[in-house]
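Q: In my numbering, the protein residues as written are 8 to 188. Note that the Cβ used here is the ideal one computed from N, Cα and C, for glycine as well. This one's a predicted model, so the numbers in the text were calculated from it and none came from an experiment.
#1: With a CB to CB cut of under 7 angstroms and the five nearest residues on each side skipped, what residues in its chain are close to residue 178?
#2: If you draw a straight line from the C-alpha of residue 143 to the C-alpha of residue 48, how long is it?
#3: For residue 56, which residues in the same chain have their Cβ closer than 6 angstroms to its Cβ, ignoring the five residues on either side in sequence?
#4: Under a Cβ-count criterion, where at least 16 other Cβ atoms within 10 Å of its own Cβ denotes burial, should residue 75 be classed as buried or exposed?
#5: For residue 41, which three-state DSSP category applies?
#6: Determine the burial state of residue 89: buried for a count of at least 16 other Cβ atoms within 10 Å of its Cβ, exposed for fewer.
#7: Around the C-beta of residue 122, are 16 or more other C-beta atoms found within 10 angstroms, so that it is buried, or is it exposed?
#8: Name the residue from 116, 16 and 45 whose alpha carbon lies nearest to the alpha carbon of residue 187.
#9: Along the alpha helix (DSSP H) that carries residue 72, what are the first and last residues, could you check?
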């Protein structure tokens, strides 16, 4: 490895582009999935996923991701360089120039903070909606002098909404844990 990246300059560029496409793309795809779940749960009649809606989301994801992956290849702003033991390539986050620091800050904000914020927002809204819905059900049951509005309710059984809220919180936590540097 003393002569540089194992597959040369072109291999480093390809590795960097594929890493950026898959990494940033995964974050934005998770944000779109969170949005879809949010609309499905909070607006059950209007929030249905259609082919057109799916296609628009996919186009938006790729339109967002491709510039971030290609800017370093074209060396317009930063570049892909070997890192560590020269077995991987990533954008140059070690070069100590103002332009490079700005690129690192911009890609951190756009590739990590933005999708994470969207995911946290959408899943927190799902949890809020579920909690409010359960509260309304309890209030209505109280007005009707019944224990519950659900038929055959067992205290050990949890409602679908509560399970959805737990899954939402778990997914949000896992995204933050897996993508936080």
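A: In short:
#1: Here residue 178 corresponds to residue number 171 of the chain shown, with the count starting at 1. Hits under 7 angstroms: 130.
#2: Start at 1 with the first residue of the chain shown, and residue 143 comes out as number 136. Start at 1 with the first residue of the chain shown, and residue 48 comes out as number 41. The alpha-carbon atoms of residue 143 and residue 48 are separated by roughly 16 angstroms.
#3: Here residue 56 corresponds to residue number 49 of the chain shown, with the count starting at 1. Contacts found: 43.
#4: Position 68 of the chain shown, counted from the first residue, corresponds to residue 75. Flag for residue 75 reads buried.
#5: Here residue 41 refers to the residue found at position 34 when the chain shown is read from its first residue. Helix at residue 41.
#6: Position 82 of the chain shown, counted from the start, is the residue given in the question as residue 89. Burial call: buried.
#7: Residue mapping note: residue 122 aligns to position 115 of the chain shown, counting from 1. The residue is buried, with at least 16 neighbouring Cβ atoms inside 10 Å.
#8: Looking up residue 187 in the chain shown gives position 180. Residue 187 has its Cα closest to that of 116, out of 116, 16 and 45.
#9: Walking along the chain shown from the start, residue 72 turns up at place 65. 58-80 is the extent of the alpha helix (DSSP H) around residue 72.
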